[in-house]
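Each position in the sequence shown, counted from 1, maps to that position plus 71 in my numbering.
First up is the structure itself, then whatever we jot down about it.
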Amino acid sequence: MDSVLRLIEAKVAAGEALTRDDGLTLAQHPDLLSIGQLANSLREKLHGDITYYNWNLHLNTTNVCEADCLFCSFARLQEGMPQAHTMNVEAARRWISERYRPGMTEVHIVNGLNPNLTFEYYEDLLRMISSDFPLLHIKAFTAVEIHYFAQKYRLSYEHILQRLVTAGLGSLPGGGAEIFSPRVRKKMCRDKADADCWLEVHRVAHRLGLKSNCTMLYGTIETEDERIDHLLRLRDLQMETGGFQTFVPLAFHNEGNRMERLPAPTGVEDLRIFALSRLMLHNVPHLKAYWVMLGEKTAQIAQFFGANDIDGTVTEEKIYHMAGSSAPKALTIDDIQQIIIKAGRKPVERTTTYEHVSINRHSEAAHVAATAGSREDVFPIV
Ligand code: V47
């Protein structure tokens, strides 16, 4: 490790916030392995050899979306277009029922900005899930969606969030942040919440006691400077509120969208982004290597470049598969545990808010939970 990285190492060891210049050094320095080692040392200081995962479902009740983001392969501008879909609440109930298994702890919901739905639709959806699947934590609606609801229904962020919490919302996912740079947003996603609005939704959510995640879409047209700036803005909000749980770097996927000519990031770029994020966001506790986005193999290696989470079973991912992901659409709990163990880390199942779930899960216990109704008796949260 050279003297420049040694200086950064000293700051990391002292728990100091790294500067913008430190970030640029980490983004450009040729010694990727030493940077990974620094990130790994912080990761192990925070989490030892644990890698977290959860047992979750990914639900998209509509992909009809007014926003016309160039990088998106999932959205359809109007109902009736090929592959456009919208589920009513009853269809969502059936969709979850067909996939729900006792022991699952989370449903993650991300949708398009659909102009045809009422706000009551979203409240009814959450109320249905809370009453029919009371053991599922509902992590739903990106800050971009909350901003859209606020504009469309002429309500404040606070009012929107309070009504959604009353209906069952448990936390916010981190999507929609993309890259905060106005230059990039103007080119890629001009017609949705800007950076200030995205950050303000999370600020209000944190004030109301909700936890949330944060993301960065990398590998499109952003510069290294713009990446560092994005991370610093997240770090500043975290200093103010402490409400972010997990940062999820999201690598651009280039199939089925209007940025197809751009190559997707390489594995080496992925690993650098993980290490850089771990080191710059020293105050965000968790770093997720979302296996659907990275593929299982890079998600394993990322566990040594700062990541300490791999996401969950995911049943049934669409956004990345429509953009060309070759990862499976879902994994079993056993698959995930094996991926983590074979990476040399210790798998720990978590809830959405990072309470540990007993790992002594087996089919007999699942059967008991199914017939007894309460999973906490069988899979105690410790
Ligand atoms: O907001 C869309 C991104 C996000 C593409 O909070 C793309 O735990 C790459 O936010 N290439 C949605 N990225 C997914 C998301 C997420 C996923 C898993 C866990 C969590 C969490 C959040 O996916 C979007 C956008 O930033 N995205 N299209 C694409 N072609």
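We put the CB at the ideal spot given by N, CA and C, even for glycine.
Looking at residue i and the ligand V47, is the gap between the Cβ and the nearest heavy atom below 7 Å?
i                 : result
lysine 389        : no
threonine 422     : no
proline 356       : no
glycine 245       : yes
cysteine 268      : no
cysteine 143      : yes
tyrosine 425      : no
asparagine 187    : no
phenylalanine 323 : yes
alanine 394       : yes
lysine 359        : yes
leucine 28        : The chain is shown from 72 up to 453; residue 28 falls before or after that span and cannot be answered.
threonine 386     : no
asparagine 182    : no
aspartate 120     : no
asparagine 328    : yes
asparagine 284    : yes
In three-state terms, what does DSSP make of residue i?
i             : result
aspartate 296 : helix
glutamate 194 : helix
serine 201    : helix
leucine 303   : helix
glutamate 426 : coil
valine 449    : Here the model assigns valine 449 a pLDDT of 34, short of 50, so the residue's position is not dependable, and the following value carries that caveat. Coil.
valine 181    : coil
arginine 416  : coil
glycine 338   : helix
serine 396    : coil
lysine 455    : Here the chain has residues from 72 to 453 only, and residue 455 is not among them.
aspartate 73  : coil
threonine 157 : strand
leucine 358   : strand
leucine 288   : strand
alanine 162   : helix
lysine 368    : helix
alanine 211   : strand
arginine 343  : helix
arginine 170  : helix
arginine 421  : strand
Since residue i and residue j are thought to touch, with beta carbons under 8 Å apart, how far apart are those beta carbons, to the nearest angstrom?
i              : j             : result
leucine 270    : leucine 308   : 5 Å
asparagine 328 : alanine 394   : 6 Å
alanine 414    : glutamine 374 : 5 Å
threonine 286  : alanine 322   : Incorrect: roughly 11 Å between the Cβ atoms, too far for contact.
isoleucine 411 : glutamate 367 : Wrong, their Cβ atoms sit about 10 Å apart, outside the cutoff.
arginine 147   : glutamine 154 : 6 Å
valine 160     : leucine 196   : 5 Å
isoleucine 231 : alanine 221   : 5 Å
leucine 206    : valine 236    : 18 Å between Cβ atoms; not a contact.
How far does the beta strand (DSSP E) with residue i in it reach, from first residue to last?
i           : result
alanine 322 : 315 to 322
glycine 383 : 380 to 383
State the start and end residues of the unbroken alpha helix (DSSP H) segment that holds residue i.
i             : result
histidine 218 : 214 to 223
valine 275    : 266 to 278
query = Considering only residues of the stretch 79 to 153, which uninterrupted alpha helix (DSSP H) runs meet the minimum length of 4 residues and lie entirely inside it, listed in chain order?
reply = List check, alpha helix (DSSP H) in window: 91 to 99, 103 to 118.
request  = Tell me the start and end of each unbroken alpha helix (DSSP H) in the stretch 226 to 261 that is at least 4 residues and wholly inside, in chain order.
outcome  = 228 to 238, 253 to 259
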